[in-house]
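In the numbering used here, the protein residues as written are 6 to 389.
Structure first, then comments.
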């Protein structure tokens, strides 16, 4: 059995590796990792039969890593190895094969290997029968910037709608997925100027267009619009789907403490935010969620900026604040920070450019002048 080991602590990792290699003839340790994000990247290529996985890792919670590994490698077995028994229930909720406490004892490990042998007995295909891994049977939905849906085995697609109203109603039901939305709520939001009879006609027609579009795009097995009765309302039922916005937010909250050896994880999270929630559509009803996710991204960007400034990685900090200005063109702090960063790198022209850009945008967008503190700093800098 091919085994992959993941533990952020080097000593326990080596201890487990030696035990498996020296005392377990059935196990072939193919790779070890101290960084779970790299383990996830390499998992499909390695195709392990079993993954020994630590839970309490600072870079990424081991339970989350286990969930992702199960999605990547449905046939692989997960064995959690940890010093904390409080995770046992969660571990077995993930259908883990076993749960081993640290420090790992040989006798206990032998029981785990016996379980593995029983699980794999009679299930291993002959080499000629091994088939490529099947794509995960989940619809992927991305709502950053615009709605994109990806059916397993295909490229992401932006749906072409017959009408803008059909697109917006679909987006609204997707936003409130798996919840019944009352007819009155929809009519008030989408057809406020129509009487009840005409509004219901418009609603029926639009729902029909959505259903036809979902069917045409091959999404009917994942998405369905249901209603309890004519008077109640509609519900968009979403089965077997993964939402990029939800996964991104979960990853941000689980990212842990920013350090030199895991900053690439934070950079990747920053890049995954490709645009505001439903950003191309600018639906008023989505503004709260749009601003909430945008604020979460801003906090992530500011954390990276502080880290780079504290470690004197000034060019990296500059890059982060230029990204902030793309999403938050009226974020005053990004201009003042950039002016000071450019000053520290000796780029006087860029300091002037940032101040001019700030003054112009404040005047154009807010009909206001630059903050007096910033004016004073800039004036003193010009005299220096």
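Even for Gly, the Cβ is constructed at its ideal location relative to N, Cα and C.
Since this is a predicted model, take the numbers as computed values, not measurements.
Check whether residue i and residue j have beta carbons under 8 Å apart
i, j, result
"residue 303", "residue 333", "yes"
"residue 35", "residue 118", "no"
"residue 48", "residue 74", "yes"
"residue 143", "residue 247", "yes"
"residue 164", "residue 222", "yes"
"residue 77", "residue 67", "no"
"residue 171", "residue 230", "no"
Nearest-angstrom Cα separation, counted from residue j out to residue i
i, j, result
"residue 251", "residue 60", "22 Å"
"residue 14", "residue 63", "10 Å"
"residue 346", "residue 71", "41 Å"
"residue 11", "residue 43", "10 Å"
"residue 147", "residue 386", "45 Å"
"residue 284", "residue 182", "19 Å"
"residue 291", "residue 298", "11 Å"
"residue 381", "residue 326", "22 Å"
"residue 199", "residue 191", "12 Å"
"residue 179", "residue 111", "51 Å"
"residue 278", "residue 26", "42 Å"
"residue 245", "residue 227", "6 Å"
"residue 339", "residue 331", "10 Å"
"residue 113", "residue 120", "11 Å"
"residue 253", "residue 149", "10 Å"
"residue 79", "residue 45", "13 Å"
"residue 305", "residue 337", "17 Å"
Buried or exposed (CB count within 10 angstroms, at least 16 for buried), residue i
i, result
"residue 265", "exposed"
"residue 267", "buried"
"residue 329", "buried"
"residue 314", "buried"
"residue 317", "exposed"
"residue 81", "buried"
"residue 96", "Only weak support is given to the placement of residue 96: the predicted model assigns it a pLDDT of 47, under 50, and the question is left unresolved by the model."
"residue 9", "buried"
"residue 390", "Residue 390 lies beyond the range of the chain shown here (6 to 389); nothing can be said about it."
"residue 168", "exposed"
"residue 135", "Note that residue 135 scores 43 on pLDDT, short of 50, meaning its location in the model is unreliable; the coordinates nonetheless yield the value given after this. By the 10 Å Cβ count, residue 135 comes out exposed."
Proximity to residue i [Cα-Cα], best of the options
i, options, result
"residue 335", "367, 313, 319", "367"
"residue 207", "196, 160, 253, 144", "196"
"residue 65", "259, 338, 358, 353", "259"
"residue 85", "364, 69, 171", "69"
"residue 321", "338, 356, 243, 343", "343"
"residue 217", "201, 166, 261", "166"
"residue 56", "219, 103, 126", "103"
"residue 176", "157, 273, 153", "153"
"residue 205", "219, 194, 188", "188"
"residue 309", "273, 289, 286", "273"
Residues sharing a beta bridge with residue i, DSSP
i, result
"residue 242", "229"
"residue 147", "153"
"residue 70", "DSSP, once it has assigned bridges, lists no residue as partnering residue 70."
"residue 9", "36, 56"
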